[in-house]
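First comes the structure, then the notes that go with it.
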Amino acid sequence: MGTASTISSSQKNELVENTHYIDNLFADTWKKLKFNTLIRGAGLTKRSGIEITEAVLVLLLWKWLNMSSIAMFSKQALGTFSRARKDVMYDFLKREEINWRALNNQTVTAVYQQNQLIGSRVKAFVLDDLIKTRCGKKMEGVSSHFDHVTGRHVMRQQVLTLGLATEEAFLPLDLQIYISQVKARGLINPYKGGRSVAGKRYSEAITQSKPELASHIMKRM
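Counting from 92, one number per residue, gives the positions in the sequence shown under our numbering.
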């Protein structure tokens, strides 16, 4: 059995080699949600020769295929879907000004409307505090958390996720990383702009308590 961050050979055959299937799947979803419009509405702009929509697409594909790293994705699948190189993906993820929360909000609204979830008989907010798995000897931006699954303290990040549960689906609405004060490790390369989107969110993660972060997530809804 592989780990949660890898995919099996059968999955690779289905999702990577079967390009017709995956291209159609993403093309249909992209068109249905009008994703190009959502990206522009969230204020995302390109900074390299690759269009912003293509950069977002390959990042979504990387996460959807559940590969452990961008390097592995680039080696095994990237060329199938895009002319972009892995450096484009790394550069895109490092951009401090990108408002991922705004894009998520735009996407959530589109999914909610397209699937007519407003008519669901049962709706409930669900708040989860999942421990995010991180690997490596020089992990940054982490702290000590008690993992209820393993029953021990681990050096990780905790992700607070607010979702809407209905009879038809579970829709992630918002999320926020929480870094406690216990054995906290700072960033090796701090954010250049403390007032950037990424800088502000990191500041929230290290200065606010988990109940405070949860309260702010709820108030944004």
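Quick reminder that beta carbons are idealized off the backbone N, C-alpha and C, glycines included.
query, result
"Residue 325 - containing alpha helix (DSSP H), residue span", "With the chain running from 92 to 312 in the structure shown, residue 325 is simply not present."
"CB-CB length for residue 222 against residue 135, believed under 8 angstroms", "Residue 222 to residue 135, Cβ: 29 angstroms. No contact."
"Residue 287 vs residue 142 beta-carbon contact at 8 angstroms", "no"
"Every unbroken alpha helix (DSSP H) within the segment 168-236, with a cutoff of 4 residues, ordered by chain", "177-185 and 191-205"
"Beta-carbon proximity list for residue 257, same chain, < 7 angstroms, skipping 5 on both sides", "208, 211, 213 and 214"
"Option in 296, 268, 140 and 292 with minimal Cα separation from residue 182", "140"
"Beta-carbon proximity of residue 146 to residue 179, cut-off 8 angstroms", "yes"
"Assumed close pair residue 268, residue 250 - CB separation to whole angstroms, cut-off 8 angstroms", "6 angstroms"
"Contact under 8 angstroms by Cβ, residue 279 with residue 297", "no"
"Cross-strand partners of residue 243 (DSSP beta bridge)", "238"
"Of the listed residues 311, 247 and 255, nearest to residue 217 (C-alpha basis)", "255"
"Straight-line gap, residue 306 to residue 289 (C-alpha atoms, nearest Å)", "20 angstroms"
"Inter-residue Cα distance where the pair is residue 175 and residue 150", "11 angstroms"
"Backbone CA spacing between residue 184 and residue 259 [nearest angstrom]", "32 angstroms"
"Reduced DSSP category for residue 254 - H, G, I as helix; E, B as strand; rest coil", "strand"
"Segment limits, beta strand (DSSP E) that includes residue 269", "261-269"
"Cβ-based burial, residue 273 [other Cβ within 10 Å; buried from 16]", "exposed"
"Residue span of the alpha helix (DSSP H) that contains residue 145, given as start and end", "143-156"
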